[in-house]
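Undergrad: If you scroll down you'll find the structure; I have some questions about it.
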Amino acid sequence: GHITAETVMSILRDKASGICVDAEGFRTAGSMVSVLPRDPALPCVHFFTATPDPSRSVFKPFMFVAGIKPVPQVRSPTFPQDPAKQIPRFQSSVDRRHELYRRHQAALELMEQDR
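As numbered in the UniProt record's numbering, residues 1 to 115 make up the sequence shown, in order.
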């Protein structure tokens, strides 16, 4: 058969086989799937969960190539009036959760509803 990145992600999310462990001592710490094209002119794409329990995680794509311009969604957030840089400091607060984290939380909520 034809194995795709989605097939491997599904395997990594399989708890019945024991490859995805969410309890009992040795937890799955994170998962990675790489697509390595045969054509060297094409970039490799790596998908990371960067979170434990791949059955409840989103695989996020990354490409490591020269000259790539990062999209805003993968940069650390900045705040024009950052309370950490104002004097006196921390007189107000901002939501420092990264956009990818917030979207992961939203996807996780949807996954929980499907259970």
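Note that the Cβ used here is the ideal one computed from N, Cα and C, for glycine as well.
Our contact map puts Met63 next to Val45 with C-beta atoms below 8 angstroms; I'd like the distance itself, whole angstroms only.
TA: 6 angstroms
Undergrad: Report the three-state DSSP secondary structure of Val65 (helix, strand or coil).
TA: Coil.
Undergrad: What does the Cβ neighbour count give for Pro54, buried or exposed, with the cut at 16 atoms within 10 Å?
TA: buried
Undergrad: Please give me, in chain order, every unbroken run of the beta strand (DSSP E) with length at least 3 that falls completely inside the segment 42-107.
TA: Complete beta strand (DSSP E) runs here, min 3: 45-48 and 60-62.
Undergrad: Here's the rule I'm using: 16 or more other beta-carbon atoms within 10 Å means buried, otherwise exposed. How should Arg13 be labelled?
TA: buried
Undergrad: Taking all protein chains shown into account, decide if Ser34 is buried (16 or more other Cβ within 10 angstroms of its Cβ) or exposed.
TA: exposed
Undergrad: Taking just the CA atoms, how far does Ala84 sit from Gln91?
TA: 9 angstroms
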